[in-house]
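The block underneath contains the structure these notes are about, expressed in structure tokens.
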Amino acid sequence: MELRQIGTSQLQSTPIVFGAWAIGGWMWGGTDDEQAIEGINAAIDAGINAIDTAPVYGFGHSEHVVGEAIRGRRDEVLVYTKCGLRWNHEDGQHHYDTTDPEGKPVTIRRDLTRDSILWECEQSLERLGIDSIDLYQCHWPDNTTPLRETMAALTELLDQGMIRAIGVSNFTPEMIEECLAYGPVHSSQPKFSLLSRENYDGVISWCHDHDIASIVYSPLEQGLLTGKITPGYEFAEGDQRNERPWFTEDNVRRVNAVIDEVLRPIAQAHDATVAQITLAWTIAAPPITCALAGARNADQARENAAAMQIELSDEDFETIRDAFWAIEGP
Ligand SMILES: NC(=O)c1ccc[n+]([C@@H]2O[C@H](COP(=O)([O-])OP(=O)(O)OC[C@H]3O[C@@H](n4cnc5c(N)ncnc54)[C@H](OP(=O)(O)O)[C@@H]3O)[C@@H](O)[C@H]2O)c1
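If you count the sequence shown from 1, you need to add 18 to reach my numbering.
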């Protein structure tokens, strides 16, 4: 299986990484732990060597499930998690008001102080049941904490062997450049899909020029780019897609027209699915290192992993790019 270098770190990742947000349940209308564990195992069996999670995904639940799934096969998989989004204290920058997994109001805060990072790292190691985190990523920038302090805490963890590489997520090139003055940054995790291209010529290409891996999130546009979402499709209560602009009937119709015209024929020619062609395109895009494909069960995990076997021709790659680049945002 082809492996890709995570910046200047020692890590080598498969181009598709298992995304473990939805299996936390929270903001995704619930989850089935048994199916999630089967999904993670199916992904590893299918050759995927990395999983991305975060403490805030289900308020610890996703990390617990990942820990349970990889028990006994830790050496087959890299574990990527994050710090800096807190649901359980009052400090830091306001991120957003929402409801917790029990439906009670809660404020999520960004906190990248040294104390918070060291505490969160211990909590994550315990929930995951591991001795060291392979890639530890700042989830969102916290404008109440100097980046010098954040990077000092992360390099301390690196020196102690608690983490093996440092990443950031949702950071601008300017922020990453400042971080680099204080220590190494091995990866960046921005949003990217064929429909959400705002970071492509920005932080993604900047990182490519600076030897920093781009591990992109929501490449399937949360399921829309699988072609399975039709106008009127109903998500469970509490699923954040009920509120997302791409999922209005008009937008779903508009996107599906391009999927039908462009992605489906290419998928048929490759004996593949629309989701697989979307992922194959994403990991073939030159400045992108890895795509975090979220999955809830073994079928999705296997389907997404098999996208690593697909090689698109230059013509297919350009046809898809031109068709999607022409779609206006929601
Ligand atoms: N750093 C950040 O701020 C940030 C933000 C978002 C995500 N992430 C990371 O990126 C990962 C991926 O992003 P994402 O989960 O938002 O979106 P995504 O990967 O674009 O979509 C995942 C969802 O699409 C559906 N799906 C996946 N594979 C499918 C298949 N083969 N066939 C049909 N449906 C399929 C599943 O939901 P249903 O079955 O319910 O339709 C799944 O939960 C996350 O798990 C997380 O690790 C990071």
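All residues carry an ideal CB built from backbone N, CA and C; glycine is no exception.
Since this is a predicted model, take the numbers as computed values, not measurements.
Practice problem: Helix, strand or coil for His113, going by three-state DSSP, please let me know. | Solution: Taken through DSSP and simplified to helix, strand or coil, His113 comes out as strand.
Exercise. Tell whether a beta-carbon distance below 9 Å holds between His204 and Val74.
Key: Contact flag unset, no.
Self-check item: Residue range of the unbroken beta strand (DSSP E) whose run includes Val234
Solution: Val234: member of the beta strand (DSSP E) spanning Ala231 to Val234, first to last residue.
Practice problem: Express the C-alpha separation of Arg182 and Gln28 in angstroms, rounding to a whole number. | Solution: Straight-line measurement puts the Cα of Arg182 at about 8 Å from the Cα of Gln28.
Quiz prompt | Distance between Asp229 and Met193 (C-alpha atoms, nearest Å) | solution = Taking the Cα positions, Met193 is about 16 Å away from Asp229.
Quiz item: Looking only at its own chain, which residues have a Cβ that is under 6 Å from the Cβ of Phe265, when we skip the five neighbours before and after it?
Solution: The answer, listed in chain order, is Arg259.
Practice problem: Look at the alpha carbon of Met45 and the alpha carbon of Ala287, and state the distance between them as a whole number of angstroms. | Solution: In a straight line, the C-alpha of Met45 is about 36 Å away from that of Ala287.
Exercise. Below 8 Å CB to CB, which residues in the same chain sit around Val221 once its five sequence neighbours on both sides are set aside?
Key: Answer for Val221: Phe189, Thr190, Pro191, Ile194, Ser206, Pro208 and Ser232, listed in chain order.
Quiz item: Three-state secondary structure (DSSP) at Gln155?
Solution: Correct three-state label for Gln155: strand.
Quiz item: Looking at the unbroken beta strand (DSSP E) that takes in Asp70, where does it start and where does it end?
Solution: In this chain, the beta strand (DSSP E) harbouring Asp70 covers Ala68 to Asp70.
Quiz prompt | Coil, strand or helix - Ser205 by DSSP | solution = For Ser205, the three-state secondary structure derived from DSSP is strand.
Exercise. Check the C-beta distance from Glu196 over to Leu238 and give it rounded, since I have them as a contact under 8 Å.
Key: Between Glu196 and Leu238, the beta carbon gap of about 32 Å keeps them out of contact (Cβ cut-off 8 Å).
Quiz item: Pro283 to Ile301, Cα distance in whole Å?
Solution: Straight-line spacing of the CA atoms in Pro283 and Ile301 works out to 20 Å.
Quiz item: Does any heavy atom of ligand 1 sit closer than 8 Å to the C-beta of Thr8?
Solution: Because the chain in this structure spans residues 19 to 348, residue 8 falls outside the shown range and cannot be described.
Quiz item: Near Ser62, which residues of its chain fall below 7 Å by C-beta distance, leaving aside the five closest residues on each side in sequence?
Solution: Here the sequence assigns Ile to residue 62, which means Ser is not the residue at that position. Residues of the same chain with a CB within less than 7 Å of the CB of Ile62, apart from the 5 flanking positions on each side, are Arg91, Glu94 and Val95 in chain order.
Exercise. Give the secondary structure of Gln30 by DSSP, where H, G and I count as helix, E and B as strand, and everything else as coil.
Key: Correct three-state label for Gln30: strand.
Quiz prompt | Where the alpha helix (DSSP H) containing Val95 begins and where it ends | solution = Going by DSSP, Val95 is part of no alpha helix (DSSP H) at all; its letter is neither H nor E.
Self-check item: Outcome for Glu261 when other beta-carbon atoms lying within 10 angstroms are tallied against a minimum of 16
Solution: Under this definition Glu261 is an exposed residue.
Quiz item: Per the contact definition of three or more C-beta pairs closer than 8 Å, is the stretch 118-135 in contact with the stretch 168-179?
Solution: Touching, yes, given that three or more Cβ pairs across the two stretches are closer than 8 Å.
Quiz prompt | Cα-Cα separation, Thr244 to Asp278 | solution = When only Cα atoms are considered, Thr244 and Asp278 end up about 11 Å apart.
Practice problem: Just the C-alpha distance for Ala254 and Gly47, rounded to the nearest angstrom, thanks. | Solution: Across the structure, Ala254 and Gly47 are spaced so that their CA atoms are roughly 5 Å apart.
Quiz item: Roughly how many angstroms separate the alpha carbons of Pro348 and Ile126, rounded to a whole number?
Solution: Note on geometry: alpha-carbon atoms of Pro348 and Ile126 lie some 26 Å from one another.
Self-check item: For Leu330 and Ala298, believed in contact at Cβ under 8 Å, the rounded distance
Solution: Contact holds; Cβ gap of about 6 Å.
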